[in-house]
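Protein chains in written order, with this note's numbering: chain E, 28 to 652; chain P, 441 to 599. What follows is one structure encoded as structure tokens, with my remarks underneath.
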Amino acid sequence: MTDLDAGLHFRHGLIVLTNNRLLHFEAEGTSQPSFVAWKLADLQEFKLEEMGATIALHLMGNGTLLGQWRVTSGCLRQAEAFLARFREQCRTPSGEATDAENGDNEKEDDEEEIFAAEIDDDAIPPGKPLLRLLSFARPWYRLLFLGLVLTMASTGAQMIAPWLTMSLVDDVLIPLQSQTELVQVRKVYVFITELALAALLTWALNWGKTFVVARIAEHVTSRMRRETFEHLQKLSLTYFNRKRTGDLISRIGSDTEHLSLFISVNFIDFFCDVLQFIFTAVILFSINPLLAVAALGPVPIVAWLVQRVREHLRGGFAAASRAGSQLTSVLADTIPGVRVVKAFAQEQREIERFRVADKHIFDTNDRVNKTWSFFTPMIKLLTDLGLLIVWAVGAWSVAHDSITVGVLTGFVLYISSFYERMDSMSRFTASMQRAAASAHRVFDVLDVKPDVPVQRNAIKVGRLRGEIEFRDVKFRYGSREIIRGISLKIAPGEMVGFVGPSGAGKTTLVNLACRFFEVSEGAVLVDGFNLSDVDVMDYRRNLGLVLQEPYLFYGTIAENIAYGKPDATRAEIVAAARAARAHDFIMRLADAYDSLVGERGQQLSGGERQRISIARALLLEVNHA
Amino acid sequence: MSTPQPLNIEFAKDDQGRLALVDTNGIRHANVHPAKLFPLTEKDHWVSIQSEGAREILCIEDPQSLPEPSRTLLLEALARRDFVPIILVIHRIVRLANGHEWHVTTDRGDTRFEVETDESIQPLGHGRLVVMDRGNTRYLIPNVAKLDRISKRKLEHYY
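This is how it looks when you write it as structure tokens:
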């Protein structure tokens with residue numbers, strides 16, 4: 028269960044405790060697995076010391092240091108459990124149990140997990156997140172089906188026009204020009220009308236399709252946004268401490284927007300293109316197989332090219348998306364902190380920071396564009412070449428009387444509209460990569476498990492008296508031990524102040540009492556209930572909290588005071604404000620309790636904000652009294 | 441903990457037309473002025489009576505419950521101080537170089553006013569909207585949904 032060697036390189040090791048011996052194995056990698064053993068009787072103490080990100084285990088015996096091992100903080104819990112076991116074992120007289128070396132082997136190694144977490148997340152398989160996207164569309168399967176039908180119909184309708192043109196040329200135009208036979212001019216009108224009807228049909232179907240598909244896309248992304256935000260609200264403070272605000276904002280804001288665009292525009296276009304491809308191929312082959320082969324010849328080349336470019340673009344778009352959220356992060360950092368920036372005259376440095384982030388976006392996009400700009404004209408060139416082949420083979424066939432001019436016209440029309448789509452089809456890979464990257468970033472948030480787990484059969488505490496007890500509480504933040512075994516009882520109505528230097532854990536105690544964090548060891552009891560068995564939401568209804576940095580939401584003062592109890596009456600709001608001594612200054616504002624505060628709007632002093640947040644906490648008390 | 445309604449109070453007008461208050465204990469406060477606690481969201485209730493030095497003497501939840509003549513005196517005093525026109529119809533909103541100009545019909549007649557930025561239009565919840573002009577006068581739209589169709593269309597560009 029050790030995972031570092033003396034030089035702090037990753038290497039698996041194993042410390043084994045048996046009934047009368049302690050062994051240490053150093054595992055693979057070295058030429059032969061080495062192992063050292065001590066008799067338990069010779070050992071005095073096994074100490075655990077935190078050294079930054081790693082933990083040192085010291086084995087003491089006969090007053091000297093016998094062994095020293097290092098583990099990463101991932102192994103910390105294991106190490107502690109081992110330590111407890113060791114002390115227990117040492118207390119029992121070692122003479123009794125002789126060679127029954129059973130059961131006590133500590134062999135669970137989570138090293139695998141540690142290494143698994145390191146796997147590069149650059150390679151996002153596009154299929155998986157996108158397939159998962161589909162599961163979000165399930166409630167609207169009827170709409171989806173309608174969209175599908177409309178898409179097929181509208182693509183089919185587009186096929187009518189070239190077909191009609193073929194007959195128009197052969198049955199009307201050519202005879203008309205050569206004047207060999209008598210032509211009914213009325214036939215022209217019939218064809219023109221039919222063409223107009225075909226165009227009208229295509230228009231109507233396209234309209235319906237676009238609307239239906241856009242609606243589905245909106246439904247799906249709105250559901251994603253909602254779910255991601257709901258999920259985010261459930262996550263613990265620890266998660267928010269780790270994440271950058273700007274990054275989270277851009278995931279819910281712009282990444283879902285990308286996805287909406289992908290579904291409503293890119294994906295449906297691609298679907299139409301594939302349909303058109305199939306339809307065209309069928310029609311062309313049914314008319315003239317030889318010409319069809321010539322016309323569709325360049326398709327594999329283009330497909331290959333698309334495949335090549337896909338590789339290039341894959342990483343590029345993920346990088347671009349990351350660069351974008353980095354920029355948002357800089358903004359979310361600098362704009363709210365503008366006072367600090369100005370106070371320290373660091374505008375230039377922030378400008379520089381922004382410039383770097385912006386340059387990064389430019390570079391990543393530039394890299395993508397380089398591939399891109401080559402790719403698009405390349406497709407065009409191949410398309411033109413393809414058309415040339417059709418013309419050449421067509422002209423030859425017409426000369427040999429195997430096809431008519433009308434058929435050739437039809438072919439050219441079909442194939443040029445087809446190649447036109449080829450261009451957008453190739454664009455699809457790029458947008459798919461982009462969408463996959465976005466989907467991945469959104470699902471990344473959705474997949475985080477709340478680390479204050481939702482308890483099943485949690486106790487609903489209702490209204491508490493407010494007796495708080497900390498029983499041997501230990502709390503660790505990462506590898507940093509913040510609270511080392513505190514026991515404390517606070518009676519209901521008792522007022523307690525915590526005094527201590529910065530980082531002593533005053534705020535942590537409050538956070539633990541609010542159950543923002545989970546205790547590492549020991550328990551927090553409120554009215555005798557262990558907090559970890561209690562329904563969190565229900566429990567927190569008992570709490571009022573005033574932070575060092577009072578946070579006011581965008582809204583009126585009345586709304587802010589009533590934040591914890593949205594249905595509070597105006598009498599309650601005013602009473603809470605009076606109790607917090609906020610009433611008088613509120614009345615001095617132009618709109619009194621209707622004044623807007625928060626991000627923009629009425630500016631309040633720090634003390635005034637503090638009073639409003641005190642009123643907010645007091646309102647709950649007023650409510651229960 | 442809510443403020444009990446002080447019923448046995450009396451308002452009077454002094455020689456200079458200023459409002460005076462005789463409170464529950466019979467103490468007379470000269471030159472008091474009323475101020476609304478919720479001027480935008482609940483303008484007919486919750487009036488604070490402030491002394492000359494802008495200290496609150498007492499708070500009246502429902503002015504209508506006061507006996508006459510006190511009630512009329514208080515309502516008059518409120519009407520003199522309070523000016524929040526309610527926008528009934530929006531005729532047009534013209535984009536200016538900085539800000540925009542509104543032409544509206546309010547409950548106090550037709551008017552036009554200039555608004556500095558889009559941020560001067562602020563929602564107060566429940567479809568309520570307050571518009572602040574350059575002179576910090578507030579104009580209220582009690583319910584956006586209840587405006588006529590054309591007014592709503594005009595508003596859409598700015599809010």
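The C-beta atom is built at its ideal place from N, Cα and C for all residues, glycine as well.
| Asked | Found |
| --- | --- |
| For Trp-234 of chain E and Leu-228 of chain E, what's the separation of their Cα atoms in angstroms? | 10 Å |
| For Phe-256 of chain E, which residues of its own chain have a beta-carbon under 7 Å away from its beta-carbon, when the five flanking residues on both sides are left out? | Ile-279 |
| Tell me the DSSP secondary structure of Val-500 of chain E in three-state form. | strand |
| Name the chain E residues whose beta carbon is nearer than 7 Å to that of Leu-480 of chain P? | Asp-618 and Asp-621 |
| Cutting at 6 Å between CB atoms, please list the residues of its own chain near Ser-442 of chain P, excluding the five before and the five after it. | Only weak support is given to the placement of Ser-442 of chain P: the predicted model assigns it a pLDDT of 41, under 50, and the value that follows is read from those uncertain coordinates. For Ser-442 of chain P, where only same-chain residues beyond five positions count, there are no Cβ hits under 6 Å. |
| With burial defined as no fewer than 16 other Cβ atoms inside 10 Å of the residue's Cβ, what is the status of His-639 of chain E: buried or exposed? | Reading the sequence as shown, one finds Ile at residue 639 of chain E and not His. Burial call: buried. |
| Measuring CB to CB, does Ala-442 of chain E end up less than 8 Å from Ala-322 of chain E? | The identity of residue 442 of chain E in the sequence shown is Ile, whereas the question assumes Ala. Yes, these two residues count as a Cβ contact at 8 Å. |
| So with CB distances below 9 Å, who are the chain P contacts of Glu-586 of chain E? | Leu-564 and Gly-565 |
| Assuming His-469 of chain P contacts Ala-475 of chain P under a Cβ cut-off of 8 Å, what Cβ separation, rounded to an integer in Å, is found between them? | The Cβ separation is near 14 Å, so there is no contact. |
| Does DSSP put Gly-591 of chain E in a helix, a strand or coil? | coil |
| Please list, in chain order, the chain E residues whose beta carbon lies closer than 8 Å to that of Asn-576 of chain P. | Ala-617 |
| To which residues of the same chain is Glu-135 of chain E closer than 6 Å at the C-beta, ignoring the five residues directly before and after it? | In this prediction, Glu-135 of chain E scores a pLDDT of 37, lower than 50, which makes its location untrustworthy; the coordinate-derived value is nonetheless stated afterwards. Counting only Cβ-Cβ distances below 6 Å, and skipping sequence neighbours, we find nothing. |
| According to the Cβ coordinates, are Tyr-446 of chain E and Leu-408 of chain E closer than 8 Å? | no |
| At what residues does the beta strand (DSSP E) containing Pro-404 of chain E begin and finish? | Unbroken run through Pro-404 of chain E is the alpha helix (DSSP H), 374-426; no beta strand (DSSP E). |
| Report all residues from its chain with a CB closer than 7 Å to the CB of His-246 of chain E; omit the five preceding and five following residues, and keep chain order. | Trp-167 |
| Should Ala-531 of chain E be labelled buried (16 or more other beta-carbon atoms within 10 Å of its own) or exposed? | exposed |
| Helix, strand or coil for Cys-499 of chain P per DSSP? | strand |
| With distances taken between CB atoms, is the gap from Glu-559 of chain P to Gly-539 of chain P smaller than 8 Å? | no |
| Contact check, His-610 of chain E vs Ser-465 of chain E under 8 Å by CB: the rounded distance? | Going by Cβ atoms, the distance from His-610 of chain E to Ser-465 of chain E rounds to 49 Å, so no, they are not a contact pair. |
| Just checking: is the beta-carbon of Gly-628 of chain E within a distance shorter than 8 Å of some beta-carbon in chain P? | Annotation note: pLDDT 45 at Gly-628 of chain E (below 50); position unreliable, coordinate value reported separately. It does: the Cβ of Gly-628 of chain E has a partner Cβ on chain P nearer than 8 Å. |
| Quick one: which residues of the segment 456-480 of chain P get their C-beta closer than 7 Å to a C-beta of chain E? List them in chain order. | Ala-475, Lys-476, Leu-477, Phe-478, Pro-479 and Leu-480 |
| Starting from the Cα of Val-487 of chain P, find the closest Cα among P:Ala-494, P:Gly-493, P:Thr-481 and P:Leu-498 and give me that residue. | P:Leu-498 |
| Which residue spans inside the segment 509-553 of chain P form an unbroken alpha helix (DSSP H) run of at least 4? | 510-521 |
| Only counting runs of 4 or more residues, tell me where the alpha helix (DSSP H) segments fall wholly within the segment 447-480 of chain P, in order along the chain. | none |
| Please decide whether Asp-611 of chain E counts as near chain P, where near means a Cβ-Cβ distance under 8 Å. | yes |
| Using DSSP with H/G/I as helix, E/B as strand and the rest coil, what is Lys-594 of chain P? | helix |
| Please report the straight-line C-alpha distance between Gly-421 of chain E and Thr-431 of chain E, rounded to a whole angstrom. | 9 Å |
| Verify the CB distance criterion: does Leu-519 of chain P have a CB-CB separation below 8 Å to chain E? | A small fix is needed here, since residue 519 of chain P is Ala in this sequence, not Leu. It does not; no Cβ of chain E falls within 8 Å. |
| Tell me, please, whether the CB atom of Ile-146 of chain E is closer than 8 Å to any CB atom in chain P? | With a pLDDT of 33 at Ile-146 of chain E, under the threshold of 50, the modelled position of that residue is not reliable, and the figure given next carries that caveat. No, no contact with chain P. |
| Would you kindly report the start and end of the unbroken beta strand (DSSP E) that includes Leu-580 of chain P? | 578-581 |
| Give a yes or no on whether the C-beta atoms belonging to Thr-583 of chain E and Leu-513 of chain P are separated by under 8 Å. | no |
| Figure out for me which residue from E:Lys-214, E:Thr-272, E:Asn-268 and E:Ile-290 has the closest Cα to the Cα of Phe-240 of chain E. | It should be noted that the sequence gives Val, not Phe, for residue 240 of chain E. Per the Cα distances, E:Ile-290. |
| Hey, out of E:Thr-534, E:Glu-496, E:Lys-533 and E:Val-537, whose CA is closest to Ala-673 of chain E's CA? | The structure shown does not extend to residue 673 of chain E, since chain E is modelled only from 28 through 652, so no value can be given for it. |
| Which residues in chain P sit within 9 Å of Thr-583 of chain E, going by Cβ to Cβ distance? | Phe-478, Leu-480, Thr-481, Leu-564 and Gly-565 |
| Based on Cα-Cα distance, which residue from E:Met-405, E:Trp-96, E:Ser-281 and E:Asn-569 lies nearest to Arg-492 of chain E? | E:Asn-569 |
| To which residues does DSSP link Met-572 of chain P through a beta bridge? | P:Arg-578 |
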